[in-house]
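Numbering-wise, the sequence shown is residues 1 to 174 according to the numbering used here. The structure appears right after this line, and notes come after that.
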Amino acid sequence: MRKYIEPTWRINSVYAIQPEELVREEIRGVIVDLDNTLIAWNQYEYTNEMRDWIDEVRAEGIQVYILSNNTQDRVSKVADPLGVPFTSGAMKPTGNGFQRAIDVLNLPLEEIAVIGDQVMTDVIGANLKGLQSILVKPIARNDNIYTQINRLLERLAFKYLGINRHGDWGDTLE
Numbered sequence: 001m002r003k004y005i006e007p008t009w010r011i012n013s014v015y016a017i018q019p020e021e022l023v024r025e026e027i028r029g030v031i032v033d034l035d036n037t038l039i040a041w042n043q044y045e046y047t048n049e050m051r052d053w054i055d056e057v058r059a060e061g062i063q064v065y066i067l068s069n070n071t072q073d074r075v076s077k078v079a080d081p082l083g084v085p086f087t088s089g090a091m092k093p094t095g096n097g098f099q100r101a102i103d104v105l106n107l108p109l110e111e112i113a114v115i116g117d118q119v120m121t122d123v124i125g126a127n128l129k130g131l132q133s134i135l136v137k138p139i140a141r142n143d144n145i146y147t148q149i150n151r152l153l154e155r156l157a158f159k160y161l162g163i164n165r166h167g168d169w170g171d172t173l174e
């Protein structure tokens, strides 16, 4: 069970991830969750912080792909203005979303990392596909109703893994 729920890395925020760290870890493509990873689940436009981070990652030659369980309308409003390819309605952790992202990135699996705020969708999905994963803390303190169910299961996963959800996960991938 551990191999499915344990992330490769944990870090406080997606915005703490430095592109140079990804390069050092030989990551050339990232599949990033949208809601509560890049922006709050109830925010409907990208932020300057999001745009700047994506620009910095791309400047290091790393491809960015957004993979979200949310609707086409929601994801496109954020991804399209930034020119970021995406899949909405991904049905993470299963479904064809991860494979679609892998196909678009067109990189070896070991050069792709999944970044997200949920064990039950992002980490399990990455592990099922043989990808590395970076678990970040959620941006918003609250979640929509669907995510609240996943958070209950996530608490059990954290307990099993010995992870303190409220502790400091650091600001580097080391």
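Yeah, the Cβ is synthetic: ideal placement off N, Cα and C, and Gly gets one too. The structure presented is a predicted model; accordingly, all values stated were derived computationally and were not measured.
Among the residues of its own chain, which have a CB less than 7 Å from the CB of residue i, if the five just before and after it don't count?
i      : result
Ala157 : Ile5, Val119
Ile54  : Val64, Leu82, Val84
Tyr15  : Glu49, Trp53
Leu105 : Gly29, Gln63, Tyr65, Ile112
Within a Cβ cutoff of 6 Å, which residues of the same chain sit near residue i, ignoring the five residues on either side of it in sequence?
i      : result
Tyr160 : none
Val78  : Tyr46
Lys92  : Asn69, Thr121, Gly125
Asn36  : Asp117, Pro138, Ile139, Ala140
Glu20  : none
Ile31  : Tyr65, Leu67, Ala101, Val114
Is it buried or exposed for residue i, if we count other Cβ within 10 angstroms and need 16 for buried?
i      : result
Thr177 : Because residue 177 is not part of the residues shown, which for the chain are 1 to 174, the question remains open.
Pro138 : buried
Leu109 : exposed
Ala59  : exposed
Glu26  : exposed
Gly97  : buried
Gly170 : exposed
Thr172 : exposed
Thr94  : exposed
Where does residue i fall in DSSP's three states?
i      : result
Ala40  : coil
Gly116 : strand
Asp103 : helix
Asp35  : strand
Leu22  : helix
Asp122 : helix
Glu174 : coil
Asn127 : helix
Ala140 : coil
Ile17  : coil
Ile5   : helix
Arg165 : coil
Looking at chain D, is there any beta carbon in it that lies within less than 7 Å of the beta carbon of residue i?
i     : result
Leu67 : The chain labelled as chain D is not found in the depicted structure, where only one protein chain is given.
So what does residue i bridge to, in DSSP terms?
i     : result
Gly29 : Gln63, Ile112
Arg10 : Leu135
Looking at residue i and the ligand MN, is the gap between the Cβ and the nearest heavy atom below 6 Å?
i      : result
Gly125 : Ligands displayed in this structure: none; no statement on the ligand MN is therefore possible.
#### Entry: beta strand (DSSP E) segments (min. 3 residues) lying fully within the region 43 to 96
As far as the region 43 to 96 is concerned, its whole beta strand (DSSP E) runs of at least 3 residues are 63 to 67.
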